[in-house]
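Enquirer: Top line first, the protein sequences correspond to chains Z and V. For what it's worth, the working numbering labels the leading residue of the first sequence as 506, then goes sequentially. For what it's worth, the working numbering labels the leading residue of the second sequence as 506, then goes sequentially.
2 protein chains.
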Amino acid sequence: MSWIDIPDGSPFGPENLPLGVFRYGDEEPRVGAAIGDQVIDLAPVASAQMLDGAQLFAEPTLNAFLALGRPAWRATRNWLLDLVRNENDRDAVEPHLTPQSAVSMQLPFEVADYVDFYASEQHATNLGRLFRPDSEPLLPNWKHLPVGYHGRAGTIVASGTDIVRPSGQRKPPDASVPTFGPSQRLDIEVELGYVVGTPSKLGAPVPVDSFEDHVYGVVIVNDWSARDLQAWEYVPLGPFLGKSFATSISPWVVSLDALAAAAVPLPVQDPAVLPYLSGSRLVNFDITFEVYLNGQLVSTPPYKDIYWSPAQMLAHMTVNGASVRTGDLFASGTVSGAAKDQRGSFIELSWGGREPLVVDGKEHTFLEDGDVVTIAAWATGGDGSRLGLGEVTGRIRPAVS
Amino acid sequence: MSWIDIPDGSPFGPENLPLGVFRYGDEEPRVGAAIGDQVIDLAPVASAQMLDGAQLFAEPTLNAFLALGRPAWRATRNWLLDLVRNENDRDAVEPHLTPQSAVSMQLPFEVADYVDFYASEQHATNLGRLFRPDSEPLLPNWKHLPVGYHGRAGTIVASGTDIVRPSGQRKPPDASVPTFGPSQRLDIEVELGYVVGTPSKLGAPVPVDSFEDHVYGVVIVNDWSARDLQAWEYVPLGPFLGKSFATSISPWVVSLDALAAAAVPLPVQDPAVLPYLSGSRLVNFDITFEVYLNGQLVSTPPYKDIYWSPAQMLAHMTVNGASVRTGDLFASGTVSGAAKDQRGSFIELSWGGREPLVVDGKEHTFLEDGDVVTIAAWATGGDGSRLGLGEVTGRIRPAVS
Chain Z
506 MSWIDIPDGS
516 PFGPENLPLG
526 VFRYGDEEPR
536 VGAAIGDQVI
546 DLAPVASAQM
556 LDGAQLFAEP
566 TLNAFLALGR
576 PAWRATRNWL
586 LDLVRNENDR
596 DAVEPHLTPQ
606 SAVSMQLPFE
616 VADYVDFYAS
626 EQHATNLGRL
636 FRPDSEPLLP
646 NWKHLPVGYH
656 GRAGTIVASG
666 TDIVRPSGQR
676 KPPDASVPTF
686 GPSQRLDIEV
696 ELGYVVGTPS
706 KLGAPVPVDS
716 FEDHVYGVVI
726 VNDWSARDLQ
736 AWEYVPLGPF
746 LGKSFATSIS
756 PWVVSLDALA
766 AAAVPLPVQD
776 PAVLPYLSGS
786 RLVNFDITFE
796 VYLNGQLVST
806 PPYKDIYWSP
816 AQMLAHMTVN
826 GASVRTGDLF
836 ASGTVSGAAK
846 DQRGSFIELS
856 WGGREPLVVD
866 GKEHTFLEDG
876 DVVTIAAWAT
886 GGDGSRLGLG
896 EVTGRIRPAV
906 S
Chain V
506 MSWIDIPDGS
516 PFGPENLPLG
526 VFRYGDEEPR
536 VGAAIGDQVI
546 DLAPVASAQM
556 LDGAQLFAEP
566 TLNAFLALGR
576 PAWRATRNWL
586 LDLVRNENDR
596 DAVEPHLTPQ
606 SAVSMQLPFE
616 VADYVDFYAS
626 EQHATNLGRL
636 FRPDSEPLLP
646 NWKHLPVGYH
656 GRAGTIVASG
666 TDIVRPSGQR
676 KPPDASVPTF
686 GPSQRLDIEV
696 ELGYVVGTPS
706 KLGAPVPVDS
716 FEDHVYGVVI
726 VNDWSARDLQ
736 AWEYVPLGPF
746 LGKSFATSIS
756 PWVVSLDALA
766 AAAVPLPVQD
776 PAVLPYLSGS
786 RLVNFDITFE
796 VYLNGQLVST
806 PPYKDIYWSP
816 AQMLAHMTVN
826 GASVRTGDLF
836 ASGTVSGAAK
846 DQRGSFIELS
856 WGGREPLVVD
866 GKEHTFLEDG
876 DVVTIAAWAT
886 GGDGSRLGLG
896 EVTGRIRPAV
906 S
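1) Cα-Cα, which of V:557, V:514, V:852, V:818 is closest to residue 711 (chain V)?
2) If the cut-off is 9 Å on Cβ atoms, which residues from the region 722-742 of chain V count as contacting chain Z, listed in chain order?
3) Under 7 Å Cβ-Cβ, which residues of chain Z neighbour residue 657 (chain V)?
4) Any beta-carbon of chain Z closer than 8 Å to the one on residue 649 (chain V)?
5) Using a C-beta cutoff of 8 Å, does residue 830 (chain V) count as contacting chain Z?
6) What are the start and end residues of the alpha helix (DSSP H) that includes residue 552 (chain V)?
7) Going along the region 703-724 of chain Z in order, which residues come within less than 8 Å of chain B, judged by CB to CB distance?
8) Under a CB-based cut-off of 8 Å, is residue 749 (chain Z) close to chain V?
9) Below 7 Å on C-beta distance, what does residue 672 (chain Z) contact in chain V?
10) For the region 617-646 of chain V, which residues have a beta carbon sitting closer than 7 Å to at least one beta carbon of chain Z?
11) Quick check: is the beta carbon of residue 770 (chain Z) nearer than 8 Å to any beta carbon in chain V?
12) Tell me the DSSP secondary structure of residue 655 (chain Z) in three-state form.
13) Can you pull the chain V residues whose beta carbon is under 7 Å from the beta carbon of residue 781 (chain Z), in chain order?
14) Does the pairing of the region 870-884 of chain V with the region 712-729 of chain V give three or more beta-carbon distances under 8 Å?
15) Below 6 Å CB to CB, which residues in the same chain sit around residue 744 (chain Z) once its five sequence neighbours on both sides are set aside?
16) Look at the alpha carbon of residue 754 (chain Z) and the alpha carbon of residue 714 (chain Z), and state the distance between them as a whole number of angstroms.
17) Secondary structure at residue 701 (chain Z), three-state DSSP: helix, strand or coil?
18) Looking at chain V, is there any beta carbon in it that lies within less than 8 Å of the beta carbon of residue 700 (chain Z)?
19) Could you tell me which residues DSSP pairs with residue 621 (chain V) in its beta bridges?
20) Closest Cβ-Cβ distance between residue 669 (chain Z) and chain V: below 8 Å?
21) Quick one: give me the first and last residue of the alpha helix (DSSP H) that residue 674 (chain V) is part of.
22) Taking the alpha-carbon positions, what's the residue 900 (chain V) to residue 731 (chain V) distance?
23) How close, in whole Å, do the beta carbons of residue 474 (chain Z) and residue 631 (chain Z) come, if the pair is a contact with beta carbons under 8 Å?
24) Would you call the region 562-573 of chain V and the region 607-618 of chain V in contact, with 3 or more CB pairs under 8 Å?
25) Given a threshold of 16 other Cβ atoms within 10 Å of its Cβ, counted over all protein chains shown, does residue 694 (chain V) qualify as buried or as exposed?
26) Quick check: is the beta carbon of residue 885 (chain Z) nearer than 8 Å to any beta carbon in chain V?
27) Figure out for me which residue from Z:528, Z:656, Z:625, Z:764 has the closest Cα to the Cα of residue 604 (chain Z).
28) Let me confirm a value: residue 867 (chain V) is counted as buried when at least 16 other C-beta atoms fall within 10 Å, else exposed. Which label applies?
29) Would you mind stating whether residue 790 (chain V) and residue 808 (chain V) have Cβ atoms separated by less than 8 Å?
30) Residue 744 (chain Z) versus chain V: which residues are under 7 Å apart at the beta carbon?
31) Which residues in the same chain have their Cβ closer than 7 Å to the Cβ of residue 839 (chain V), if we skip the five residues on either side of it in sequence?
32) Looking at chain Z, is there any beta carbon in it that lies within less than 8 Å of the beta carbon of residue 793 (chain V)?
33) For the alpha helix (DSSP H) containing residue 747 (chain Z), name the first residue and the last one.
34) What are the boundary residues of the alpha helix (DSSP H) that residue 595 (chain V) is part of?
35) For the region 863-879 of chain Z, which residues have a CB atom closer than 9 Å to at least one CB atom of chain V, in sequence order?
36) CB-CB under 7 Å to residue 846 (chain Z), same chain, minus the five flanking residues each way: which ones, in chain order?
Structure, rendered in structure tokens:
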């Protein structure tokens, strides 16, 4: 399939070709494509082949490339597919291959607006049971619209960035006044994030069937969460400091064209959705996440059961005329499956802290200082090989005193 | 006070000198200062006088200037004060004066993250009574922390931008399922917005007494709101499409240094706030808003009674380690006074639509197509003259069918 040596089980086979921004030593960050355990430095290769827009690969973010739109994304993908398949291109490409272990990966794009949805029925049900034990777990609006809210774009960080334990106000149910201190219920949220390339116009909703015209691809998102801060602050305007301290994303953006091989039908939506959320090409993706706490696999959330299609999320987000911009990121919300070991957060995995996990012989509920969380994700490509999203990782540092 | 002719009652006297971005004909947008009813084109004047950073005034946004920090902001202000006071500078400045009526004002800065607070006790109480008539109007957290959430940065628009009536889902209490259509409860929110200049570092909270090191100045904010969309969507993650279609801001950014003349003590906070919200220099500003519907004054919300100081908003927003960036905007939330004609939204002015206003002989509750809303704001300067923020305006266009 490729003249480039690709290790068995690599997430980055010759049909994946995700894009990211890498830095080699002190050189300027620039755009690369992942294949196997190497990076192709795209700017010099594209430039030598006089590819249209070659200079965009010399930029320190993917934004200018993302703004080009789907026809250009497709043309670039086809060019890349040829490069790695054609032995004839070997001499042109080989000098620009670098081991991924020798480069540092950067935030792949400058984030414009960040929206976080709440699209997993199992997760919303679990959190309803935990936060509101005496009511129906799913709220009345949940099956009529993809519930979502805006997160903080300026604190989206590259994979590998240390996460400082946030401090803030929390008020346990039995306390009369809030206290201040480091979060005692620090958590993760395993999510899939959609990266917008082509902007839309203010006042012009994006129809549900135009999803692929606007969204370039996907990343893994870990929306770090401080459950104690969140519980005290979130009524009535939603989560704020419980989420805004950091959100980590994976370095490689996998295109929708690569991911098409993993498309699956959407679960049945009952009650029927309103016409603006109804479309002929609504799909989900059969992606499996793997959550590692200090190197031990603790959960495998499945994306395929997510209730809302990303096309519905985009249509909903813009139906009021709100525009999207290049670099917008919208994420699925925590992905949780039906089985206990498929839950996408520790508040669910430990059922509110009452049922600790045992990791490396030690009981774990929420995150402790020094803990390292790594989330990987993969689908199966058209040729049966692994089509991976790579991974996102972060280590918890102690609170600032 | 100045060799420049300043009309009586002008919001832009010689001690105000707000900055904005203007466009003259087809020329590139660039930075200007307002004085009286004129604009000073700053780039050529600063360049001729070899002012440090003069080239930043040739940029199409204020962001590069905002990033300089308070010592540079002060130096620039002092330079400007001298320019307009000194008859000697007349020959250098006069060729670069243009009537404001001859230029079009642009969005003054590129917005990074947008946070909206909920800091008026009167407004929060009014909305509590309207939305949750059977419970305590103020929620338990309200006096312990400045409640806030993230809004959509990408749909913040310049004053004068038409507002297309948003469509979306709404479910009246007596309906069994939601319906889709144009908002029937389109509203305004009168707010003061704080513009961040100097960024902070991820993981490093901004102390409450460092407010002036980070915030450059203020604008008027009209956070257009679709109350019917908001009511159906906002539990549990907060407002989303009910707000995200548009937020208008005034074109002139008034510096904290100019506004210092209008500083007043903060209202007494009881219960006492936690130490991270407690400071020695907590102030509010004695600013009065004027809300005009189709040219008729309908409300005069007073800012001075706002419960939370902007220094507390900034300290709270970063206490979890979240960083701020140049161009961040955080707003007060709707400003409402105790009197009926001091309320900062139509849902309050018309008490949920049940008590229509009479404007120009016609009953008004929420906004109708063609309505024009203009919000002005002013304080009193040190010399007793009017220290104005200018105005923000927008006209409602019919929904897209």
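Glycine included, C-beta positions come from ideal geometry on N, C-alpha and C. Bear in mind the structure is a predicted one, so any value in this text is a computation, not a measurement.
Expert: The relevant details are as follows:
1) In the second sequence, the residue the question calls residue 711 (chain V) occupies position 206. Its Cα nearest to that of residue 711 (chain V), the residue V:818 stands out among V:557, V:514, V:852, V:818.
2) Listed in sequence order: 731, 734, 737, 738, 739, 740, 741, 742.
3) The count along the second sequence starts at 1 and reaches residue 657 (chain V) at position 152. Within chain Z, the residues whose beta carbon sits less than 7 Å from that of residue 657 (chain V) are 618, 655, 827, listed in sequence order.
4) To locate residue 649 (chain V), count along the second sequence from 1; it is residue 144. Closer than 8 Å to some Cβ of chain Z, the Cβ of residue 649 (chain V) qualifies, so yes.
5) For this step, residue 830 (chain V) is matched to residue 325 along the second sequence. Judged by the 8 Å Cβ criterion, residue 830 (chain V) is in contact with chain Z.
6) One-based indexing of the second sequence puts residue 552 (chain V) at position 47. For residue 552 (chain V), the enclosing alpha helix (DSSP H) stretches over residues 547-553.
7) No chain B is present in this structure, whose protein chains are Z and V.
8) Here residue 749 (chain Z) is taken as the residue at index 244 of the first sequence, counted from 1. Taking Cβ atoms only, chain V reaches closer than 8 Å to residue 749 (chain Z), which makes this a yes.
9) Here residue 672 (chain Z) is taken as the residue at index 167 of the first sequence, counted from 1. For residue 672 (chain Z), the neighbours in chain V by C-beta distance under 7 Å run, in chain order, 824, 825.
10) Residues of the region 617-646 of chain V with a Cβ closer than 7 Å to any Cβ of chain Z, in chain order: 617, 618, 623, 644, 646.
11) By 1-based counting over the first sequence, the position of residue 770 (chain Z) is 265. So, not an interface residue.
12) Looking up residue 655 (chain Z) in the first sequence gives position 150. In the three-state DSSP reduction, residue 655 (chain Z) falls in the strand class (E or B).
13) Here residue 781 (chain Z) refers to the residue found at position 276 when the first sequence is read from its first residue. The contacting residues are 685.
14) The region 870-884 of chain V is in contact with the region 712-729 of chain V.
15) Along the first sequence, read from residue 1 onward, the residue named residue 744 (chain Z) stands at position 239. Counting only Cβ-Cβ distances below 6 Å, and skipping sequence neighbours, we find 735.
16) Position 249 of the first sequence holds residue 754 (chain Z). Position 209 of the first sequence holds residue 714 (chain Z). For residue 754 (chain Z) and residue 714 (chain Z), the distance between alpha carbons rounds to 27 Å.
17) Residue numbering aside, residue 701 (chain Z) sits at position 196 when the first sequence is read from its first letter. Residue 701 (chain Z) carries a strand assignment under DSSP once its states are collapsed to helix, strand and coil.
18) Looking up residue 700 (chain Z) in the first sequence gives position 195. Cβ-Cβ to chain V under 8 Å: no for residue 700 (chain Z).
19) Translated into the one-based positions of the second sequence, residue 621 (chain V) becomes position 116. According to DSSP, residue 621 (chain V) bridges with V:654, V:836.
20) The residue labelled residue 669 (chain Z) in the question sits at position 164 within the first sequence. It does; some Cβ of chain V falls within 8 Å.
21) The residue given as residue 674 (chain V) occupies position 169 in the second sequence. Segment 672-675 is the beta strand (DSSP E) holding residue 674 (chain V); no alpha helix (DSSP H) there.
22) Residue 900 (chain V) sits at position 395 when you count from the first residue of the second sequence. Residue 731 (chain V) sits at position 226 when you count from the first residue of the second sequence. Roughly 15 Å between the two C-alpha positions.
23) For chain Z, the structure presents residues 506 to 906; residue 474 (chain Z) sits outside this window and is missing.
24) These segments touch.
25) On the second sequence, residue 694 (chain V) is found 189 positions in, with the first residue counted as 1. Answer is buried; the Cβ neighbour count reaches 16.
26) Indexing the first sequence from 1 puts residue 885 (chain Z) at position 380. Residue 885 (chain Z) does not count as touching chain V.
27) For this step, residue 604 (chain Z) is matched to residue 99 along the first sequence. Looking at the Cα atoms, Z:528 is the closest of the given residues.
28) Position 362 of the second sequence, counting from 1, holds the residue named residue 867 (chain V). Looking at its Cβ environment, which holds fewer than 16 other Cβ atoms inside 10 Å, residue 867 (chain V) is exposed.
29) The residue given as residue 790 (chain V) occupies position 285 in the second sequence. The residue given as residue 808 (chain V) occupies position 303 in the second sequence. With contacts defined as CB atoms closer than 8 Å, residue 790 (chain V) and residue 808 (chain V) qualify as a contacting pair.
30) Counted from its first residue, the first sequence places residue 744 (chain Z) at position 239. Per Cβ cutoff of 7 Å: 742.
31) Your numbering for residue 839 (chain V) matches position 334 in the second sequence. Cβ within range, chain order: 625, 628, 694, 695, 696, 849, 850.
32) Residue numbering aside, residue 793 (chain V) sits at position 288 when the second sequence is read from its first letter. Taking Cβ atoms only, chain Z never reaches closer than 8 Å to residue 793 (chain V), which makes this a no.
33) Locating residue 747 (chain Z) in the first sequence gives position 242, where the first residue counts as 1. Where residue 747 (chain Z) is concerned, the enclosing alpha helix (DSSP H) starts and stops at 746-749.
34) Stepping through the second sequence from its first residue, residue 595 (chain V) is reached at position 90. Start and end: 595-598.
35) If the cut-off is 9 Å between Cβ atoms, the region 863-879 of chain Z has nothing near chain V.
36) Here residue 846 (chain Z) refers to the residue found at position 341 when the first sequence is read from its first residue. Only 804, 805 meet the Cβ criterion.
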